[in-house]
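Just so you know, UniProt numbering puts 64 at position 64 of the sequence shown, and the rest follows in order with no gaps. Take a look at the structure below.
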Amino acid sequence: MNPHPTRPALVATSHGTSSPAGRRAVLGLVEAVRRRLPDVDVRDAYVDVQSPTPDDVVAGLAGPAVVVPLLLAPGFHVRVDVARAASAPGCVAAPTLGPDDRLVGALVRRLLEAGTQDADVVVMASAGSSDPVAQACFEQMARDLSVAIGQVVPLGYVGGTGRPLDDVVADVRAQNADRRVVVSSLLMAPGFFHDRVARCDVDVVSRPLLDADPADPRLVDLVVDRYATASAAQGALTGTG
Numbered sequence: 001m002n003p004h005p006t007r008p009a010l011v012a013t014s015h016g017t018s019s020p021a022g023r024r025a026v027l028g029l030v031e032a033v034r035r036r037l038p039d040v041d042v043r044d045a046y047v048d049v050q051s052p053t054p055d056d057v058v059a060g061l062a063g064p065a066v067v068v069p070l071l072l073a074p075g076f077h078v079r080v081d082v083a084r085a086a087s088a089p090g091c092v093a094a095p096t097l098g099p100d101d102r103l104v105g106a107l108v109r110r111l112l113e114a115g116t117q118d119a120d121v122v123v124m125a126s127a128g129s130s131d132p133v134a135q136a137c138f139e140q141m142a143r144d145l146s147v148a149i150g151q152v153v154p155l156g157y158v159g160g161t162g163r164p165l166d167d168v169v170a171d172v173r174a175q176n177a178d179r180r181v182v183v184s185s186l187l188m189a190p191g192f193f194h195d196r197v198a199r200c201d202v203d204v205v206s207r208p209l210l211d212a213d214p215a216d217p218r219l220v221d222l223v224v225d226r227y228a229t230a231s232a233a234q235g236a237l238t239g240t241g
């Protein structure tokens, strides 16, 4: 018997990618969330490149839903696509995944897996955004990673506005000619942006947060917590919690 017959559906909404590896990586996270929440209808949705859209998924549901952005920071797609889907009756949007200490923990894990050493210089790479709120979020995560690894981590972008990663790396190399440069990839999955990061003049690039391996349990926890918090707030507002 289902102990939560009216629990809202979870619409896990990612950006979308044409990369088969990227698609598998994101679906791996969605599947892990589905296993963690066996009494919740977990659906995948995409704001670009892939289908279905979150609007389409929400329209096909018979009950309430929580749209959880599998995105690292707020920006255009959150303000437009996610907000539009969540404006349907009985729906609500959860915050993006970042910033959060669990993301930082996953980034540190990736750096260790890549063989990063204490003498290395670490630079963070982000896809970037023209949205100032998103930029502030990326900058906060760079500061959080700086604290976690005990060195200042400059931030560079491979898209949107902000300082290009190539320029950041060039400056770091000029100031640290005898040290390896390692890029911490603040990207959700393999694809166009990670390919651009990999082409930078650096010694090591960490893997994106999601790839062929099982999703980091911290990321699964983060998605589940975003859903639970938004669902509880939704219940409080409607009197169904």
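Even for Gly, the Cβ is constructed at its ideal location relative to N, Cα and C.
Quick one, are the C-beta atoms of residue i and residue j less than 8 Å apart?
{"i": "residue 191", "j": "residue 159", "result": "no"}
{"i": "residue 71", "j": "residue 219", "result": "no"}
{"i": "residue 133", "j": "residue 145", "result": "no"}
{"i": "residue 49", "j": "residue 16", "result": "yes"}
{"i": "residue 222", "j": "residue 131", "result": "no"}
{"i": "residue 54", "j": "residue 85", "result": "yes"}
{"i": "residue 213", "j": "residue 180", "result": "no"}
{"i": "residue 224", "j": "residue 82", "result": "no"}
{"i": "residue 88", "j": "residue 40", "result": "no"}
{"i": "residue 182", "j": "residue 114", "result": "yes"}
{"i": "residue 78", "j": "residue 188", "result": "no"}
{"i": "residue 94", "j": "residue 232", "result": "no"}
Residue i: buried (16+ other C-beta within 10 angstroms of its C-beta) or exposed?
{"i": "residue 20", "result": "exposed"}
{"i": "residue 35", "result": "exposed"}
{"i": "residue 80", "result": "exposed"}
{"i": "residue 226", "result": "buried"}
{"i": "residue 63", "result": "exposed"}
{"i": "residue 1", "result": "Low per-residue confidence applies at residue 1: pLDDT is 33, beneath 50, and the placement is therefore not dependable enough to give any value."}
{"i": "residue 184", "result": "buried"}
{"i": "residue 234", "result": "buried"}
{"i": "residue 156", "result": "buried"}
{"i": "residue 18", "result": "exposed"}
{"i": "residue 112", "result": "exposed"}
{"i": "residue 163", "result": "exposed"}
{"i": "residue 51", "result": "exposed"}
With distances taken from CA atoms, which of the options is nearest residue i?
{"i": "residue 90", "options": "143, 229, 15 and 59", "result": "59"}
{"i": "residue 216", "options": "110, 39, 23 and 49", "result": "110"}
{"i": "residue 165", "options": "151, 199, 189 and 140", "result": "199"}
{"i": "residue 148", "options": "162, 122, 170 and 168", "result": "122"}
{"i": "residue 142", "options": "130, 125 and 131", "result": "125"}
{"i": "residue 135", "options": "74, 209 and 117", "result": "74"}
{"i": "residue 210", "options": "7, 22 and 14", "result": "22"}
{"i": "residue 176", "options": "92, 151, 120 and 150", "result": "120"}
{"i": "residue 118", "options": "140, 105, 103 and 150", "result": "150"}
{"i": "residue 116", "options": "207, 228, 7 and 24", "result": "207"}
{"i": "residue 173", "options": "201, 194, 42 and 193", "result": "201"}
Report the CB separation of residue i from residue j in whole angstroms; it is logged as a contact under 8 Å.
{"i": "residue 12", "j": "residue 45", "result": "7 Å"}
{"i": "residue 107", "j": "residue 186", "result": "7 Å"}
Query raised in the report: Which residue spans inside the segment 145-222 form an unbroken beta strand (DSSP E) run of at least 3?
Result: Runs of the beta strand (DSSP E) spanning 3 or more residues and lying entirely within the segment 145-222 occur at 155-157 and 181-186, in chain order.
Query raised in the report: In chain order, which alpha helix (DSSP H) runs of at least 4 residues are fully inside the segment 43-115?
Result: The segment 43-115 is shown to contain whole alpha helix (DSSP H) runs of 4 or more residues at 54-59, 83-86 and 101-113, in chain order.
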